[in-house]
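Heads up, the sequence shown is in the working numbering, so the first residue is -9 and it goes up one at a time.
Note sheet for the following structure.
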Amino acid sequence: AYAVYAQMREVAPVYRRVHRQDGRATCFFTRYEDAVAVLRDHRRFVKDVRNCLTPEERAQLPPEPELIRLLSHHMLNLDPPDHTRLRALVNKAFTARMVEQLSDRIQQLADRLLDRVQARGTMDLIQDFAFPLPISVIAELLGIPARDRNRFRAWSSALVSPSADSQRNAQKLARSRQSMEDFIHYLGQILEERRHQPQDDLITSLVQAEEAGDVLSQEELYSMILLLTVVGHETTVNLIGNGMLALLSHPSQLALLQEAPTLLPGAVEEMLRYDCPVERAPMRYAAEDLEMHGVRVRRGDAISVVLGSANRDPAIFPQPDRFDITRSPNRHLAFGLGIHYCLGAALARLEGRIAVETLLRRLPNLRLAAPVESLRWRTNPIMRGLQRLPVRWDT
Ligand code: HEM
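Written out as structure tokens, the structure reads:
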């Protein structure tokens, strides 16, 4: 993909693709400067497609199916003022200071996962470590009981993994419909429990906000919990997986980090840049006609900001295809920018640091247990993450 992005940055920095079936267009932005401009301009590039439409066009929209309504009204899909209101409700829980307090607990969870596999000398770093760690963290923050974590994980995966192949897509859609129904049913029970027995967790504080009046509607409450669940672990797993692959396949960088552990925060930033976990930012829509690099972008066009390409733009990053944990400055866009800048950035960074530090400290001579060429990426156009990452160490 990176070679294709390099070509696009060069010859078609705004690439407008018209879909054959319905005539709709998507514009891909691959240069760093353009990505910044789009992400910062939340008035011309909106999240809610309805904000691109005239009142007459809006009136013609089909009504939203119930399931979609319940799960899609979250901050990442909305524009101000709704976006501002929803983000403010949970912002406090994710500030750097609050997140720092989770450090010991995250360390404990990471250690517990390694306790299970340490004597084995081998594991799939994705399934055995990178996946369960962030989901335990977000489930604890939200207040999902430990007994339900596996079910929770299965739903979340089902809800975010579209397939490129349309035959399989239909099956997946049916499955994800089922998952949505199960998820909503399950949440209904948890919310009911919290109404009667408040706890010190995020779900309780959201339930209280909903009860307090019109700050949060029912669909916003459900959507918020779904959003935090999905983004809270579908992303960090890729930071840990992609980051460890980069490190283990660049032995000189690994040696450097082991000699100088203070390089860890910079190494995590470089992992985020080099194989960006969210390869393309979730869609925006053009609120008006405009022209960029000679391409006419029409009102209503879908806008895809390719973060994975912006992070390899040679205009900003010298030798962008080199993995260099001492890179400075490193103003990557892995967490986006502007009003939708990742709410969980501080948490993700902390989890990333603890994960990498713990793996290197506890697993002596950690190395890849499969050739890099044999590793497979998941087929998801938005996320960049490995299916498996077999590793080995000395016991
Ligand atoms: C938004 C990346 C982890 C919560 C975003 C966006 C990106 C991103 C690129 C902006 C999307 C856009 O502009 O369209 C990442 C990466 C992560 C990560 C790379 C891990 C390495 C997390 C975690 C949480 C989280 C752990 C917390 C639970 C959110 C939320 C938003 C968001 C709530 C929406 C913010 C808004 O619309 O105002 N993330 N994220 N993320 N992220 Fe993350």
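Yeah, the Cβ is synthetic: ideal placement off N, Cα and C, and Gly gets one too.
Note that this is a predicted model, so its numbers are computed, not measured.
Distance between beta carbons of residue j and residue i, contact taken as under 8 Å
| i | j | result |
| --- | --- | --- |
| residue 379 | residue 115 | 4 Å |
| residue 132 | residue 174 | Contact doesn't hold; Cβ gap of about 15 Å is too wide. |
| residue 206 | residue 79 | 6 Å |
| residue 4 | residue 17 | 6 Å |
| residue 277 | residue 10 | Not a contact, Cβ separation roughly 25 Å. |
| residue 349 | residue 234 | 7 Å |
| residue 165 | residue 148 | 6 Å |
| residue 391 | residue 299 | No answer is possible for residue 391: it lies beyond the span of the chain, which begins at -9 and ends at 385. |
| residue 222 | residue 128 | 3 Å |
| residue 256 | residue 318 | 7 Å |
| residue 210 | residue 76 | 6 Å |
| residue 340 | residue 89 | 6 Å |
| residue -1 | residue 291 | Their Cβ separation, rounded to whole angstroms, is 20 Å, which puts residue -1 and residue 291 out of contact at 8 Å. |
| residue 215 | residue 177 | 6 Å |
| residue 342 | residue 258 | 4 Å |
Own chain residues within Cβ distance below 7 Å of residue i, not counting five before or after
| i | result |
| --- | --- |
| residue 244 | 237 and 238 |
| residue 328 | 29, 30 and 32 |
| residue 267 | 225, 228, 229, 232, 324, 373, 374 and 375 |
| residue 38 | 67, 68 and 69 |
| residue 218 | 128 and 132 |
Simplified DSSP state of residue i, which is helix, strand or coil
| i | result |
| --- | --- |
| residue 380 | strand |
| residue 332 | coil |
| residue 142 | helix |
| residue 205 | coil |
| residue 352 | helix |
| residue 68 | coil |
| residue 226 | helix |
| residue 385 | coil |
| residue 35 | strand |
| residue 112 | strand |
| residue 365 | coil |
| residue 149 | helix |
| residue 357 | strand |
| residue 6 | strand |
| residue 154 | Because residue 154 carries a pLDDT of 41, less than 50, the predicted location of this residue cannot be relied on, and no value is offered for it. |
Range covered by the beta strand (DSSP E) that runs through residue i
| i | result |
| --- | --- |
| residue 293 | 292 to 295 |
| residue 15 | 15 to 19 |
| residue 274 | 274 to 276 |
| residue 280 | 280 to 282 |
| residue 387 | With the chain covering only -9 through 385, there is no way to say anything about residue 387. |
| residue 268 | Here residue 268 belongs to no beta strand (DSSP E), and DSSP marks it neither H nor E. |
Boundaries (first-last residue) of the alpha helix (DSSP H) holding residue i
| i | result |
| --- | --- |
| residue 386 | There is simply no residue 386 to check, as the chain begins at -9 and stops at 385 in what is shown. |
| residue 28 | 22 to 30 |
| residue 46 | 45 to 49 |
| residue 102 | 93 to 107 |
| residue 253 | Careful: residue 253 lies outside any alpha helix (DSSP H) and carries neither H nor E. |
| residue 56 | 56 to 62 |
| residue 128 | 122 to 132 |
| residue 243 | 241 to 249 |
Beta-carbon contacts of residue i that lie in its chain and below 8 Å, excluding the five residues immediately before and after
| i | result |
| --- | --- |
| residue 167 | 57 |
| residue 83 | 131, 192 and 195 |
| residue 352 | 101, 104 and 108 |
| residue 112 | 359, 380, 381, 382 and 383 |
| residue 21 | -1, 3, 299, 300, 303 and 305 |
Residues near residue i in its chain [Cβ-Cβ closer than 6 Å; skip 5 each side]
| i | result |
| --- | --- |
| residue 270 | 294, 296 and 372 |
| residue 119 | 103 |
| residue 362 | 239 |
| residue 199 | 79, 205 and 206 |
| residue 282 | 4 |
Chain C contact for residue i (CB, 7 Å cutoff)
| i | result |
| --- | --- |
| residue 277 | No chain C appears in the structure shown, which is made up of a single protein chain. |
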